[in-house]
Structures are given as C-alpha cells and as structure tokens.
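Here is the structure we will look at, set down as structure tokens.
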Amino acid sequence: MQNSITLSDKVLDAFPTRPLKLVPLRGDGGLFRTLFLVIVMLVLTVFSAYRIPNILYDYKISENAVPVDATVEGSCRSQLFVLTNCSVDLHYNGNEVSRNFTFLDLGSKDVLVEPVADANDLSKMTVDVAIDNIWLRLISTVIFIGLFGFSVIFFIYRQILMSKVRKALLSVGTQPLKLIAIPAKMVVSNKQFIATYYINLEGKEIRIAYSGNKKTPPIVIEQNGNTYVLAVYAPQQNIPYALDVPLARIQATPEEKQHFHEALIKEGLL
C-alpha cells in the first residue's frame, strides 16, 4: 500500500500467520451515533424552518407599517455574542400579539423597540427591530436550513458508505491477514482515541475512522514526525482494518495476542 512504512521482522513474525477472522467491535458501524446526529439535525432544520412564517408575517406588515401607541412587554437579549433574541408581547385596542425572533447582531448594547402595525389591519403588530432586520433574518434562516439539511444528507450518505466498507471487510471470511502500518491522523477527544485514515473502495478513496476508548485505542506508531496506525488487510481485497491494542478486532487466541504484544513492547511500539 502507498505511504505505508516497513515494520520490523520481529513484529511481522510475531503476528499470527494462520487464517483469522475480523471481529467488528460494538459501535464500529456507528449506526446509533449517526441516527442521533440525523435526529438532532432534523430537529434543528425544522426549528429553523419554523421561523419562516414569522418572517413572512413581519414582511407583510413592513409593506405598509405605521407606528402605534401599543404597550410593549418583554426584552431583547444578546446570546452567544452574535445573536440577539427578542421576545415581546404587544397590547393595543384589546388586541394582543406575541413576537419572538432572533437576528445576528455583533453589538452588545441594549436594543430599543418601537411597536408598529399593518395600516390596513391594526391587529397585526410587530416591532421595528423585526422589520429592520427582516432580510438578515431571512438570509440567515435559509443558510441554517441549508446547513442542517446538508448535514442530514451527509450523515446518511456516510452511514451508507460505512455499511459498504463494513460489508466488504467482513466478506473476506477467515483467511491469513497481512500486517501493515498506514498513515493516520489521531485525535483524542472526551476519552476517545480517534484514528482517521484512507482506504480504497471500488476505485474511490474514502476516509474512514476507528474510534476506541482508553481500553481499546488504536495501535499508534510515531516515526519521523508522522503518525501511523497498525492495521491488517486481506491480500486479495487490500482494504486496511485498524487494530486496537487488545486486538479485539481480530479473532486471535489469548496466546497469540500475548506473543504479539510482547513483540510490540520489545520494539517500543506499545
């Protein structure tokens, strides 16, 4: 494989030569994680889309808006330094309207609002800030809907891709596997050790990741400022499969695992 490094004979000889079977760990497929992310993104997409009717309501008022002497209750508060959320209740001539909207605002100063209404129907009210920022609200809402919607499609696509990779890897059955060290990027986050590397599937280069906890981290090799992970592959398939430190991802005996661990320790790789 391209960009792989040569392992010592001691390490290669210590790896089992008999036929082995790949054993996916619990969570390797990432189905529940993907499902959770898809649900979250869908909720955010729906929440963003829910803002559009409110924007259209304010837009119709803006076409023929007049000031009204309405009672205003509520406030506008800055959130996350770039967002301002306004929640106000307007009372005028026995009519009551509640308005809740958010817009981008880099300023942290207090926001003063003035009540306005549709000249043709004074029961339809809003505040001037909502109208002044109407295009900014619309554009940002459309952008958020696009981003969240794209995320849903991306997560589903990645899950389908990972399912294909998993199916291809498990299709090799039981046979001798080759040991290799492949380039990878390592990220440690929330007690998770994530190794990201590339494989070739059906002529396409795909980036995949193995995520293990402190008990099942990948076997990492640092050499000349570069990072590699130990992996195995079936010669006729040529798809690397990252190994974890306990070697739980291959069906090896405890004796085989111990023998291989000893070789890694002697070579300073573990």
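Residue 143 in full-length UniProt numbering sits at position 143 of the sequence shown, and the numbers go up by one each step. All C-beta atoms in this analysis are idealised placements derived from N, C-alpha and C, irrespective of residue type, glycine included. Predicted model only: the values in this text are computed from it and were never measured.
CB of residue i within 8 angstroms of CB of residue j, strictly
i: Ala49; j: Ile145; result: yes
i: Ala184; j: Thr174; result: no
i: Leu122; j: Val187; result: no
i: Leu7; j: Ala168; result: no
i: Ser62; j: Ile131; result: yes
Close Cβ partners of residue i (< 7 angstroms) along its chain, the five nearest in sequence each way excluded
i: Glu73; result: Val88, Asp89
i: Ala252; result: Pro16, Leu20
Other residues of its chain near residue i: CB distance less than 6 angstroms, five sequence neighbours each side excluded
i: residue 334; result: Because residue 334 is not part of the residues shown, which for the chain are 1 to 270, the question remains open.
i: Val11; result: Ala263, Glu267
i: Cys76; result: Thr84, Cys86, Val111
i: Gly149; result: Thr45
Spatial distance of residue i from residue j (CA atoms)
i: Asn190; j: Ser4; result: 29 angstroms
i: Gly225; j: Ile139; result: 45 angstroms
i: Pro24; j: Pro246; result: 13 angstroms
i: Val38; j: Arg207; result: 20 angstroms
i: Gln159; j: Gln236; result: 25 angstroms
i: Met162; j: Lys204; result: 13 angstroms
i: Phe155; j: Leu31; result: 10 angstroms
i: Leu201; j: Gln258; result: 32 angstroms
i: Leu269; j: Asn238; result: 24 angstroms
Neighbour-count burial assignment, residue i, 16 or more Cβ in a 10 Å radius
i: Thr126; result: buried
i: Arg249; result: buried
i: Asp58; result: buried
i: Thr216; result: buried
i: Pro176; result: exposed
i: Tyr233; result: buried
Nonlocal neighbours in the same chain, by C-beta distance under 8 angstroms from residue i, ignoring five residues either side
i: Gln192; result: Ser211, Gly212, Asn213
i: Leu170; result: Leu22, Pro24
Residue i Cβ short of 7 angstroms to the ligand GTP heavy atom set
i: Arg51; result: Although the ligand GTP was asked about, the structure shown includes no ligands whatsoever.
Short CB-CB distance (under 8 angstroms) between residue i and chain B
i: Ser189; result: Of the protein chains in this structure there is only one, and it is not chain B.
Quick test of the definition: if touching needs 3 or more C-beta pairs under 8 angstroms, does the segment 143 to 162 touch the segment 37 to 55?
yes
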